[in-house]
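Respectively, the protein sequence lines represent chains R and B. Numbering of the first sequence is given in this note's numbering, commencing with residue 1 and proceeding in unit increments. Numbering of the second sequence is given in this note's numbering, commencing with residue 224 and proceeding in unit increments.
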Amino acid sequence: MSGPTGELDPEPEPDPALEREIHELPDFEAPPGWQAAVNAALDNKPARRTPDRDRPVVPKTSAGVLAAKPVIGIAAGAAALAAAMVIYLATRRPPLEGVTAVKGPPRKVPTVALIALDGTGQARSAAAAVIGDRLVARAGSSGVAELRIYRDDRDVVLRCRAATDPGCRADGKSIVGEHEVSAPGTYRAVVFVVRVPEPSGSLSVDLAGHDERFSVSTPIVVE
Amino acid sequence: MGSDREAGDLAEAEVLALLRNGDSRGALTALMTMHGQAVYSRCLRIVGEVGTAQDVLQHTFLDAFRDLETFEQRSSFRTWLLGIATHRSLDAVRARRRRNAHLVDADQVQIEDLASPAIVSETAERAQRRRALEACLGKLDANIRAAVLMRFQEELTFEVMAERLGEKAGTLQARVARAMPALRKCLDGKGVAP
Numbered sequence: 001m002s003g004p005t006g007e008l009d010p011e012p013e014p015d016p017a018l019e020r021e022i023h024e025l026p027d028f029e030a031p032p033g034w035q036a037a038v039n040a041a042l043d044n045k046p047a048r049r050t051p052d053r054d055r056p057v058v059p060k061t062s063a064g065v066l067a068a069k070p071v072i073g074i075a076a077g078a079a080a081l082a083a084a085m086v087i088y089l090a091t092r093r094p095p096l097e098g099v100t101a102v103k104g105p106p107r108k109v110p111t112v113a114l115i116a117l118d119g120t121g122q123a124r125s126a127a128a129a130v131i132g133d134r135l136v137a138r139a140g141s142s143g144v145a146e147l148r149i150y151r152d153d154r155d156v157v158l159r160c161r162a163a164t165d166p167g168c169r170a171d172g173k174s175i176v177g178e179h180e181v182s183a184p185g186t187y188r189a190v191v192f193v194v195r196v197p198e199p200s201g202s203l204s205v206d207l208a209g210h211d212e213r214f215s216v217s218t219p220i221v222v223e
Numbered sequence: 224m225g226s227d228r229e230a231g232d233l234a235e236a237e238v239l240a241l242l243r244n245g246d247s248r249g250a251l252t253a254l255m256t257m258h259g260q261a262v263y264s265r266c267l268r269i270v271g272e273v274g275t276a277q278d279v280l281q282h283t284f285l286d287a288f289r290d291l292e293t294f295e296q297r298s299s300f301r302t303w304l305l306g307i308a309t310h311r312s313l314d315a316v317r318a319r320r321r322r323n324a325h326l327v328d329a330d331q332v333q334i335e336d337l338a339s340p341a342i343v344s345e346t347a348e349r350a351q352r353r354r355a356l357e358a359c360l361g362k363l364d365a366n367i368r369a370a371v372l373m374r375f376q377e378e379l380t381f382e383v384m385a386e387r388l389g390e391k392a393g394t395l396q397a398r399v400a401r402a403m404p405a406l407r408k409c410l411d412g413k414g415v416a417p
């Protein structure tokens with residue numbers, strides 16, 4: 001045990017087998033819809049920014065819809081969440097530029113992010129890329145039926161219907177698709193949660209022609 | 224794509240690139256995708272209730288979004304998120320303690336009864352050991368449980384844990400030192416041995 005000065009005791013007797021078992025405990029599957037609930041809370045109550053560093057100090061109050069008290073009262077939290085969901089459903093509007101677009105009910109909404117990597121594998125800092133870069137689309141794999149990358153909202157340059165498709169792979173809980181850019185244009189990644197027909201040649205038709213839920217990434221422009 | 228470490232580094236780079244682009248929502252989306260399960264698991268193992276764990280999970284990412292643009296990369300995103308989740312989970316446990324002050328074992332949880340992840344390749348013997356370990360972890364005090372998870376799941380030093388939790392390193396080390404023989408004894412009592 002530590003003394004009054006707080007100095008460290010000798011390391012506890014190691015138990016490597018037990019330590020390894022703890023280290024290798026697998027993750028639990030989070031209940032469906034939690035990401036949509038977070039997005040709904042953010043959409044309905046802009047978060048306040050606090051100038052602080054990346055130390056995980058949890059404040060006594062928060063501007064989030066659900067975070068009024070450090071006590072996560074189940075009843076209060078559930079009521080606030082339900083209210084946020086109702087407001088979100090009632091007030092959904094077209095997605096803003098730069099914000100991941102979501103269509104359909106907030107439950108089981110897939111998510112997708114798109115970035116560009118330069119020739120050395122470094123992520124580019126702006127939403128722009130050049131020919132020869134690699135575009136990397138990443139989406140949660142749970143419930144995802146297909147991940148696509150569109151060019152100019154028209155041509156599908158990558159399709160991941162399985163992690164074994166060309167340019168596609170599984171990475172933990174994500175499915176990742178990579179495409180080496182060979183033509184200029186505006187690229188977007190789209191993820192669908194149910195099987196959709198073959199690409200029609202128009203992103204808007206692909207999205208609007210069905211009731212399936214999907215997400216669209218922020219675009220990347222290739223000069 | 225190389226090692227898991229390289230894949231993790233690349234994923235972190237993706238999030239940082241999104242932040243540099245001013246796409247905080249995209250970065251949050253990527254973080255939820257990459258680390259949501261790990262954060263939820265941390266919450267569930269500390270609070271022991273699915274509903275509360277889901278609340279804490281959501282609050283963790285709302286907190287993270289609020290502070291995302293000031294993230295200084297002093298740790299990985301995963302460590303940062305797990306730190307927030309641990310704080311929030313312990314807050315929830317303290318609240319439960321206050322509500323259930325009349326109960327002797329208000330701190331104990333029963334992870335073994337919760338839906339556990341399906342691991343196709345796992346043998347029956349290994350699954351039994353894992354369930355037993357979850358159950359034994361659940362018998363620990365929540366503060367001790369959190370320290371054990373930070374130490375052996377994240378492999379943090381006691382000094383880093385102390386900074387993250389706002390406690391003395393020696394205190395945390397003592398908690399872990401007490402916990403390991405207790406866990407071993409509990410597992411022995413269940414007839415399983417890692």
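Note that CB positions come from ideal geometry on N, CA and C, so glycine has one too. Values in this document were obtained by computation on a predicted structure and should not be read as measured data.
- For residue 237 of chain B, the chain R residues whose Cβ falls inside 8 Å of its Cβ are 113, 115, 123, 136, 138, in order along the chain.
- Counting C-beta atoms within 10 angstroms of its own C-beta, residue 260 of chain B has 16 or more neighbours from the protein chains shown and is therefore classed as buried.
- In this model, residue 197 of chain R and residue 203 of chain R are separated by some 12 Å (Cα to Cα).
- When Cβ-Cβ separations below 8 Å define contact, residue 260 of chain B makes contact with chain R.
- The residues 159, in chain order, have a CB closer than 7 Å to that of residue 165 of chain R in the same chain once the five nearest residues on each side in sequence are set aside.
- Residues of the stretch 24-40 of chain R with a C-beta less than 7 Å from any C-beta of chain B: 25, 26, 27, 28, 29, 30, 31, 34, 35, 37, 38, listed in chain order.
- The beta carbons of residue 256 of chain B and residue 174 of chain R sit closer together than 8 Å.
- In the DSSP assignment, residue 174 of chain R falls within the beta strand (DSSP E) that extends over 174-180.
- Between residue 371 of chain B and residue 360 of chain B the beta-carbon gap is near 7 Å, inside 8 Å, which marks them as a contact.
- Pairing residue 363 of chain B with residue 402 of chain B gives a Cβ-Cβ distance under 8 Å.
- When rounded, the separation of the alpha-carbon atoms in residue 145 of chain R and residue 190 of chain R is 11 Å.
- Its chain contains 134 as the residues whose beta carbon lies nearer than 6 Å to that of residue 180 of chain R, once the 5 sequence neighbours on both sides are disregarded; these appear in chain order.
- Residue pairing from DSSP places residue 114 of chain R in a beta bridge opposite R:137.
- For residue 306 of chain B, there is no enclosing beta strand (DSSP E); the enclosing alpha helix (DSSP H) has its first and last residue at 300-322.
- Residue 399 of chain B places its beta carbon 8 Å or farther from that of residue 368 of chain B.
- Of the other Cβ atoms in all chains shown, fewer than 16 fall within 10 Å of the Cβ of residue 122 of chain R; this residue is therefore exposed.
- Counting the other CB atoms within 10 Å of its CB gives residue 286 of chain B a total of 16 or more, which places it among the buried residues.
- A distance below 7 Å between beta-carbons, with the five flanking residues on each side excluded, links residue 263 of chain B to the following residues of its chain, in chain order: 276, 280.
- Following the DSSP letters along the chain, one finds residue 284 of chain B in no beta strand (DSSP E) but inside the alpha helix (DSSP H) bounded by residues 273-290.
- For residue 413 of chain B, same chain residues with a beta-carbon under 6 Å away, outside a window of 5 residues either side, are 355 in chain order.
- By the Cβ neighbour-count rule, residue 170 of chain R is exposed, with fewer than 16 other Cβ atoms within 10 Å of its own.
- If you ignore the 5 residues before and after residue 381 of chain B, its C-beta comes within less than 6 Å of the C-beta of 392, 395, 396, all in its own chain and listed in chain order.
- Among the residues facing chain B, residue 21 of chain R is included, as its CB has a counterpart in that chain under 8 Å away.
- Bounds of any alpha helix (DSSP H) do not take in residue 148 of chain R; it lies within the beta strand (DSSP E) bounded by 146-151.
- About 32 Å separates the beta carbon of residue 193 of chain R from that of residue 130 of chain R, a gap too long to meet the 8 Å contact definition.
- Proximity of chain B to residue 15 of chain R at the Cβ level (cut-off 7 Å) is accounted for by 403, 407, in chain order.
- At a cut-off of 8 Å between beta carbons, residue 132 of chain R makes no contact with chain B.
- In this structure, the beta-carbon distance from residue 283 of chain B to residue 377 of chain B does not fall below 8 Å.
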